[in-house]
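Quick notes on the structure that follows.
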Amino acid sequence: MNVFRLTGDLSHLAAIIILLLKIWKTRSCAGISGKSQILFAVVFTSRYLDLLTSFISLYNTSMKVIYIGCAYATLYFVYMKFKATYDGNHDTFRVEFLLVPVGGLSFLVNHDFSPLEILWTFSIYLESVAILPQLFMISKTGEAETITTHYLFFLGLYRALYLFNWIWRFYFEGFFDMIAIVAGLVQTILYCDFFYLYITKVLKGKKLSLPA
Amino acid sequence: CHHTQAKDEL
Chain P
1 MNVFRLTGDL SHLAAIIILL LKIWKTRSCA GISGKSQILF AVVFTSRYLD LLTSFISLYN
61 TSMKVIYIGC AYATLYFVYM KFKATYDGNH DTFRVEFLLV PVGGLSFLVN HDFSPLEILW
121 TFSIYLESVA ILPQLFMISK TGEAETITTH YLFFLGLYRA LYLFNWIWRF YFEGFFDMIA
181 IVAGLVQTIL YCDFFYLYIT KVLKGKKLSL PA
Chain R
1001 CHHTQAKDEL
């Protein structure tokens, strides 16, 4: 555990909590892509199956349980409790275009051809692109609520901090995992355009809106 | 093996 890893995890947790609170307080999931939230629930579920097979630490177990719990709570909000406010008309990204290649790739490029390892690999690859339906929705509507941009900022920051964590671990532990690093790089790059808009607009008190 | 270490990450 190093400072980048810890702040990365906390940033991830902050993102998840911000989204849940936003929906709860406003009683609305307008502007949120349910499809991205489904993908994140699939990511956590397929990655954290090792909860059933191995114990690493109390921290590790509690964070995994919290992430999974929050992911399903978000899905419950979007598709059941606040379904009337869900903007499905704008949530039109075709997720099969992500699931099929990512599924195929996890069978082809993995550390070990075993069910748990393939599912872990699948989750790493899927996470790297799971935000695309949300970004697609924003590009379609041309705007995002400020609170939604805070959610996206912390969600993007988390993987960027993990990149520093992996540099740290490579230097001080000689450890690296090429699958996680490449997927993490792709994931962070996908947020770059958003980071630019967040810094130049949202942090200056303006609403995030895209030119028509 | 090296990759099991990654499982300690989230």
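Protein chains in written order, with our numbering: chain P, 1 to 212; chain R, 1001 to 1010.
Don't be surprised by glycine CBs; every beta carbon is placed ideally from N, CA and C.
All of these numbers come straight from a predicted model, not from anything done at the bench.
So if I threshold CB-CB distances at 8 Å, which residues from the stretch 51-68 of chain P count as touching chain R? S54, I56, S57, N60, M63, K64, Y67
With distances taken between CB atoms, is the gap from G142 (chain P) to A212 (chain P) smaller than 8 Å? yes
In terms of DSSP beta bridges, what is S209 (chain P) paired with? P:E143
How would you label M137 (chain P), buried or exposed, when you count the other beta carbons within 10 angstroms and need 16 or more for buried? buried
Use the C-beta contact count for R27 (chain P): other C-beta atoms within 10 angstroms, 16 or more gives buried, fewer gives exposed. exposed
Would the stretch 80-94 of chain P count as touching the stretch 14-30 of chain P if we require 3 or more Cβ pairs under 8 Å? yes
Counting only C-beta atoms, is D9 (chain P) closer than 8 Å to chain R at any point? yes
Given this structure, state the Cα-to-Cα distance separating M1 (chain P) from F164 (chain P), to the nearest angstrom. 12 Å
Got a sec? Which residues, its chain only, sit under 8 Å from F77 (chain P) by beta carbon, not counting five neighbours each side? L20, I23, W24, C29
CB contact flag (L235 (chain P), L119 (chain P), <8 Å): No information on residue 235 (chain P) is available, as it lies outside the stretch 1 to 212 that chain P covers here.
If I'm right that T121 (chain P) touches S106 (chain P) with Cβ under 8 Å, what's the distance once you round it to whole angstroms? 4 Å
Contact check, P133 (chain P) vs D91 (chain P), beta carbons under 8 Å: yes
Count the other C-beta atoms from every protein chain shown that fall within 10 angstroms of the C-beta of Y171 (chain P), then say buried if there are 16 or more, exposed otherwise. exposed
According to DSSP, simplified to helix, strand and coil, what is G31 (chain P)? coil
Determine the extent of the alpha helix (DSSP H) in which T85 (chain P) is found, giving its start and end residues. Taken as a continuous stretch (DSSP letters only), T85 (chain P) belongs to no alpha helix (DSSP H), as it is neither H nor E.
Report the three-state DSSP secondary structure of M1 (chain P) (helix, strand or coil). coil
Got a sec: is the Cβ-Cβ distance from V186 (chain P) to anything in chain C below 8 Å? Looking at the structure shown, chain C is missing, and the protein chains on hand are P and R.
Contained alpha helix (DSSP H) runs [length at least 4] in the stretch 126-179 of chain P, N- to C-terminal order: 132-141, 146-173
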